[in-house]
Every structure is written in structure tokens, then in C-alpha cells.
Amino acid sequence: MEDAATAIWNRACSRAGSPPEAPIGDRMLTLAITLDGMIQADGIPQQWETWEGTPEGVEALRWFGLSEAADLVAAGEELAGTADIDAAERFELEIEPRYYELDTTHALDEAFQLRLATHPEDFLPPGWAGGQAPW
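Residue 0 is where the sequence shown starts when you use numbering that gives the first Met the number 0, and the numbers rise one by one after that.
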């Protein structure tokens, strides 16, 4: 049997915690996990070109206290679709690697664990998997 934190994390990974009426913790966790996963797969500038939820994902990183990671992602907005090859290359070589060095996935997990322990009301109950919401 999985613990509460694992159940909530897994629900966010499946994007089941994202309805607008869901508690803020579920929405923010879903956004942050989605953004980080997409960055891990495709890089920061690509997110600004392909996912309209990137600004909300940046907000979610900040909500969990991951401001440095959020700032690095926000810096990629100006490069989305740029024709400035030099600027894009500098970002790829200098700024983007700093995001990966932060180990954002691990940092997000720790921030989530702390938030769940101190503000459990920000999240749906662990057993909730969709359907009729408890609110």
C-alpha cells in the first residue's frame, strides 16, 4: 500500500489533480511536475513554444519555493522562437545546464513533502482518483 504522499504525487503525474476546482496544492503539483518533466525531455525554450501552461508551471515552481528553477525557466521565454542563434546557444550552454544542476525533480519532491506535512488541506485526500470531488 502506498503512502499518502506517493498517492498524491502519482495522481498529479497522471494529471488527475488539475481541475480548476481542485485544491491549490493539487493544481500546483500537477503543473510543476508536468513542466519539469517536459523540460527534462525537451529543454526549457521548447516549453515556451509547445506548452501553453508554461507560465502557470513557472508559478507552480515558485509556489513550492523553487524560485531559482522558476527564474531559469522564465528566462527561456524570450528565446522561444528566436532567430538569434548566438543568444539561443548561450542559453543552451550557460543557463539551461543550471536548471539541470538544481535537480528540480528531487527538490520538488522535498518541497511537496514539506507542504503536505504542514498544509495537508492544500491537497485532495490520497484515495481520491477522480469522479465526484469531495468539495
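Glycine included, each C-beta is placed from N, C-alpha and C at the ideal position. This structure is a prediction, so every number in the text was calculated from the model and none was measured.
Just how far apart, CA to CA, sit residue i and residue j?
i, j, result
"I43", "W62", "19 Å"
"T103", "A68", "7 Å"
"E100", "A106", "11 Å"
"P96", "R89", "11 Å"
"W134", "D41", "Low confidence applies to W134: its pLDDT is 43, below 50, so where it sits in the model is not reliable, and the reading given next is rough at best. One C-alpha to the other measures close to 36 Å."
Take residue i as the anchor and find which of the options has the nearest alpha-carbon.
i, options, result
"L71", "I84, P54, D83", "P54"
Taking Cβ to Cβ, would you say residue i is nearer than 8 Å to residue j?
i, j, result
"D108", "P22", "no"
"A4", "L115", "yes"
Could you round the C-beta distance between residue i and residue j to whole angstroms and report it? I think they count as a contact, below 8 Å.
i, j, result
"L60", "A87", "Actually they do not touch by this definition, with Cβ atoms about 22 Å apart."
"G64", "A110", "5 Å"
"L34", "Q46", "7 Å"
Apart from the five residues just before and just after residue i, which ones in its own chain have a Cβ nearer than 8 Å to its Cβ?
i, result
"D25", "I7, R10, A11, G16, S17, D121, F122, L123"
If you drop the 5 nearest sequence neighbours on each side, which residues of the same chain put their C-beta closer than 7 Å to that of residue i?
i, result
"W50", "M37"
"I94", "L71, A74"
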